[in-house]
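In the working numbering, the protein residues as written are 3 to 318.
Glycine residues also receive a C-beta, built at the ideal position from the N, C-alpha and C atoms.
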Amino acid sequence: MAKPITKNAADGAYLFVHFVGTESNANQEQIYFSVSQDGSTWKTLNNGMPVLTSSLGERGVRDPFIQRGIDGKYYIIATDLSIYNRRNDPNKWNACQTSGSKSIVVWESNDLVNWSEASLIGVADKNAGCTWAPESIYDPEKEMYMVFWASKVSDDNYSKQRIYRSYTKDFRTFTPAEVYIDNETSAIDTTILEDNGIYYRFTKDETYSSVTMMRSTSLSRGWEDVATYTINGEDGNKVTGYEGPTIYKLNGEDRFCLLLDYFSKGQGYKPFVTDDITRGSFVSATDFSFDEAYRHGTVMPITTAEYNALIEKYGN
3 MAKPITKNAA DGAYLFVHFV GTESNANQEQ IYFSVSQDGS TWKTLNNGMP VLTSSLGERG
63 VRDPFIQRGI DGKYYIIATD LSIYNRRNDP NKWNACQTSG SKSIVVWESN DLVNWSEASL
123 IGVADKNAGC TWAPESIYDP EKEMYMVFWA SKVSDDNYSK QRIYRSYTKD FRTFTPAEVY
183 IDNETSAIDT TILEDNGIYY RFTKDETYSS VTMMRSTSLS RGWEDVATYT INGEDGNKVT
243 GYEGPTIYKL NGEDRFCLLL DYFSKGQGYK PFVTDDITRG SFVSATDFSF DEAYRHGTVM
303 PITTAEYNAL IEKYGN
């Protein structure tokens, strides 16, 4: 059972917002909270049950992302999708990309423990067949949050996934969607980390089932491949079977943890660490533990007070 801590937040406290399992029941595709004191040993709160659920749209949520807002609020955005509720459709994975939700599910909170009701907010264009894996990052150039996600569109007969983006100040109203990443092959599951003025962007190449790494000093231009990017000594662009990347810095250290969802083996997240994010040389970490198969989500560093409030609210 997770217990309250009193040490300084810089020594380590984290919240992992995710979904779980293998789409075998409706509860698995909802929002779970897990916590860690050191960033490596994880425990699911709320007796292993969802903290947030959606009865809107497809009545399921996947790929949640949590944002610590500059206004002091917290926002969670997620994919409006339930594969479980589509379980009787033999063509479900294709169908949900061409006739799925054009909206994202949004929650907001002032304190991480008391959350608003879910809202279903349209961000994709009318020609989009899906709105997958939304994430956000504050863009100082625009003085707004850049929200980005993957969509197929009818204009090219849903030929491939592209990453689209929109801007918002409040996660309620959004600018019109525009293309953000348009590769030769399908791209989904983008996540972005800023460190020392450099943005690091990880994206799943859907065709090759691998996760790429790029960097830039701007969210909108100048992206280039990280030539030294490796996973366990192999070219990271060629390590296959993973998706749903999320990355975070270990508090008080110069180490970064890249979590990749080993979906091809149904094993949930696998951790890879580096002590030099500029090179992106990641190696498997053996000192991590998860109490179940966490699926695509995000990790956010939290303060000691926030950690203790979560334990008090949701316990185990």
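- In the three-state reduction of the DSSP assignment, residue 265 falls in the helix class.
- Per DSSP, residue 309 lies in no beta strand (DSSP E); the unbroken alpha helix (DSSP H) holding it starts and ends at 306 to 316.
- For residue 225, the closest C-alpha among the options 137, 201, 168 is that of 201.
- Residue 19 has its alpha-carbon roughly 15 Å from the corresponding atom of residue 39.
- Looking at the backbone, the Cα of residue 127 and that of residue 288 are separated by about 43 Å.
- Residue environment for residue 228: buried (at least 16 other C-beta atoms within 10 angstroms of its C-beta).
- As computed with DSSP, residue 298 is found in no beta bridge at all.
- Residue 153 places its beta carbon 8 Å or farther from that of residue 177.
- Distances from the CA of residue 264 to each of 248, 252, 258 were compared; the closest alpha carbon is that of 248.
- Non-local C-beta neighbours of residue 112 in its own chain, meaning closer than 8 Å and more than five positions away in sequence, comprise 74, 75, 76, ordered along the chain.
- For residue 205, same chain residues with a beta-carbon under 6 Å away, outside a window of 5 residues either side, are 189, 192, 214 in chain order.
- Considered as a whole, the segment 201 to 282 harbours 212 to 218, 245 to 251, 258 to 263, 271 to 276 as its complete beta strand (DSSP E) runs of no fewer than 3 residues, in chain order.
- Taken in chain order, the unbroken stretches of beta strand (DSSP E) that lie wholly in the segment 92 to 137 and span 3 residues or more are 105 to 111, 121 to 124.
- Sixteen is the threshold: since fewer than 16 other Cβ atoms of the shown chains lie within 10 Å of the Cβ of residue 72, the residue is exposed.
- Secondary-structure assignment with DSSP links residue 52 through no beta bridge to anything.
- In the three-state DSSP reduction, residue 168 falls in the strand class (E or B).
- By the 16-neighbour rule on beta-carbons within 10 angstroms, residue 44 is buried.
- Taking every protein chain shown into account, the CB of residue 307 has fewer than 16 other CB atoms within 10 angstroms, so this residue is exposed.
- Remark: C-beta atoms of residue 290 and residue 42 approach each other more closely than 8 Å.
- The way I'd put it, the segment 83 to 95 does touch the segment 54 to 67; three or more beta-carbon pairs between them come closer than 8 Å.
- The Cβ atoms of residue 180 and residue 166 sit closer than 8 Å to each other.
- Exclusion of the five residues before and after residue 35 leaves 17, 18, 19, 46, 47, 48, 53, 312, 316 as the residues of its chain whose Cβ lies within less than 8 Å of its Cβ.
- Under the DSSP assignment, residue 173 falls outside any beta strand (DSSP E); it carries neither an H nor an E label.
- Annotation: residue 187 to residue 240 spans about 14 Å, alpha carbon to alpha carbon.
- Counting of Cβ neighbours within 10 angstroms places residue 297 among the buried residues, the total reaching 16 or more.
- For residue 300, the number of other beta carbons within 10 angstroms of its own is at least 16, and it is reported as buried.
- The criterion of a C-beta distance shorter than 8 Å is not satisfied by residue 155 and residue 124.
- Less than 8 Å divides the Cβ of residue 234 from the Cβ of residue 286.
- By the criterion of a C-beta distance shorter than 8 Å, residue 268 is surrounded in its chain by 24, 295, once the five residues flanking it on both sides are discounted.
- Of the candidates 32, 136, 256, the residue whose Cα lies closest to the Cα of residue 198 is 256.
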